[in-house]
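Colleague: Handing you this structure, nothing more for now.
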Amino acid sequence: MIQALSRLAAVAASALLAGSVPGAVPPAHVQASAPVEHEKCKSVSRSEGDQYSAAQLAKLAKDAGFTGDGLVNAVAVALAESSGFTHALLVNENCTRDRGLWQINDYWHPEVTEQQAFDPVENAKAAFDISSQGANWDQWSTWESGAYKDYLPDAEQAVHTPA
Numbered sequence: 098m099i100q101a102l103s104r105l106a107a108v109a110a111s112a113l114l115a116g117s118v119p120g121a122v123p124p125a126h127v128q129a130s131a132p133v134e135h136e137k138c139k140s141v142s143r144s145e146g147d148q149y150s151a152a153q154l155a156k157l158a159k160d161a162g163f164t165g166d167g168l169v170n171a172v173a174v175a176l177a178e179s180s181g182f183t184h185a186l187l188v189n190e191n192c193t194r195d196r197g198l199w200q201i202n203d204y205w206h207p208e209v210t211e212q213q214a215f216d217p218v219e220n221a222k223a224a225f226d227i228s229s230q231g232a233n234w235d236q237w238s239t240w241e242s243g244a245y246k247d248y249l250p251d252a253e254q255a256v257h258t259p260a
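Every letter in the sequence shown is one number past the one before it in this note's numbering, and letter 1, counting from 1, is 98.
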């Protein structure tokens with residue numbers, strides 16, 4: 098029994114180090130590769146936490162450093178990605194997880210911790226960095242699909258209406 102438990106612990110440890118455990122972050126010295134293609138998870142979406150309005154998202158994004166069109170796009174992307182829910186979570190079919198207001202992916206951005214991902218201020222700062230200060234939104238699926246455009250009128254109003 099003890100030998101079986103030791104073997105199980107060894108297998109779990111090597112799987113973790115190999116990066117085959119969903120949500121596991123490979124050590125810094127291991128070069129990350131794409132998520133394992135044969136690994137499949139059931140896609141799950143949760144809208145939890147506080148729900149921020151477009152005006153609240155605009156203030157948060159502005160405080161993080163977004164300006165001009167980047168600020169408007171930041172608000173529209175957040176609304177499209179999370180509907181403004183601070184603890185929004187999407188588990189993707191490849192077992193990666195998109196987290197928080199701007200849905201920061203845990204695999205592609207392991208530098209963003211769980212705590213940071215679900216903290217509105219830290220999530221906004223991460224989105225600012227990842228989007229090249231609001232100039233490049235290509236990593237967001239709602240940008241690529243054009244879904245963020247549905248939220249541009251609300252985003253523009255929130256950005257251009259005095260608080």
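By construction, the Cβ of each residue, glycine as well, lies at the ideal position given by its N, Cα and C atoms.
Just the Cα atoms here: how many angstroms apart are residue 200 and residue 164?
Modeller: By one-based count along the sequence shown, residue 200 stands at place 103. By one-based count along the sequence shown, residue 164 stands at place 67. Roughly 20 Å separates the two Cα atoms.
Colleague: So, for residue 247: in the same chain, excluding its five sequence neighbours on each side, which residues have a beta-carbon less than 6 Å away from its beta-carbon?
Modeller: Taking the sequence shown and counting its residues from 1, one reaches residue 247 at position 150. Result list for residue 247: empty, nothing under 6 Å.
Colleague: Helix, strand or coil, according to DSSP, for residue 163 in the structure here?
Modeller: Residue numbering aside, residue 163 sits at position 66 when the sequence shown is read from its first letter. If DSSP states are grouped into helix, strand and coil, residue 163 belongs with coil.
Colleague: In this structure, how does DSSP classify residue 209 when only helix, strand and coil are distinguished?
Modeller: Along the sequence shown, read from residue 1 onward, the residue named residue 209 stands at position 112. Reduced to three states, the DSSP call for residue 209 is coil.
Colleague: Three-state secondary structure (DSSP) at residue 198?
Modeller: Taking the first residue of the sequence shown as 1, we reach residue 198 at position 101. Residue state, collapsed to three classes: coil.
Colleague: Thinking just about the alpha-carbon of each residue, which of 251, 143, 174, 162 is nearest to the one in residue 242?
Modeller: In the sequence shown, the residue the question calls residue 242 occupies position 145. Nearest of 251, 143, 174, 162 to residue 242, Cα basis: 174.
Colleague: Going by the beta-carbon positions, is the gap between residue 143 and residue 186 smaller than 8 Å?
Modeller: The residue given as residue 143 occupies position 46 in the sequence shown. The residue given as residue 186 occupies position 89 in the sequence shown. Taking 8 Å as the Cβ cut-off, residue 143 and residue 186 qualify as a contacting pair.
Colleague: Using three-state DSSP, classify residue 148 as helix, strand or coil.
Modeller: In the sequence shown, counting from the first residue as 1, residue 148 sits at position 51. If DSSP states are grouped into helix, strand and coil, residue 148 belongs with the strands.
Colleague: Enumerate in chain order the residues of its own chain whose CB-to-CB distance from residue 230 is below 7 Å, with the five nearest sequence positions on each side excluded.
Modeller: Taking the sequence shown and counting its residues from 1, one reaches residue 230 at position 133. Only 162, 167 meet the Cβ criterion.
Colleague: What did DSSP end up calling residue 142 once you bin it into helix, strand or coil?
Modeller: Numbered from 1 along the sequence shown, position 45 holds the residue referred to as residue 142. Here residue 142 sits in strand by DSSP.
Colleague: Beta-carbon within less than 8 Å of residue 179's beta-carbon, same chain only, minus the 5 sequence neighbours each way: which residues are those?
Modeller: As a first step, residue 179 is located in the sequence shown; it is residue number 82 there, counting from the start. Once the five neighbours on either side are set aside, the close Cβ partners of residue 179 are 144, 185, 197, 198, 199, 200.
Colleague: With distances taken from CA atoms, which of 214, 219, 218, 193 is nearest residue 138?
Modeller: Taking the first residue of the sequence shown as position 1, residue 138 is located at position 41. For the residues 214, 219, 218, 193, the minimum Cα distance to residue 138 belongs to 193.
Colleague: Exposed or buried, what is residue 232 when buried is set at 16 or more other beta-carbons lying within 10 Å of its beta-carbon?
Modeller: Residue 232 sits at position 135 when you count from the first residue of the sequence shown. Exposed, by the Cβ-count rule.
Colleague: Could you check how far apart the C-beta atoms of residue 154 and residue 255 are, in whole angstroms? I think they sit under 8 Å.
Modeller: Here residue 154 is taken as the residue at index 57 of the sequence shown, counted from 1. Here residue 255 is taken as the residue at index 158 of the sequence shown, counted from 1. So it is a contact: roughly 7 Å between Cβ atoms.
Colleague: For residue 151 versus residue 251, is the C-beta spacing smaller than 8 Å?
Modeller: The residue labelled residue 151 in the question sits at position 54 within the sequence shown. The residue labelled residue 251 in the question sits at position 154 within the sequence shown. Yes.
Colleague: Between 195, 225, 226, which lies nearest to residue 211 when the distance is taken from Cα to Cα?
Modeller: As a working note, residue 211 is residue 114 in the sequence shown. For the residues 195, 225, 226, the minimum Cα distance to residue 211 belongs to 195.
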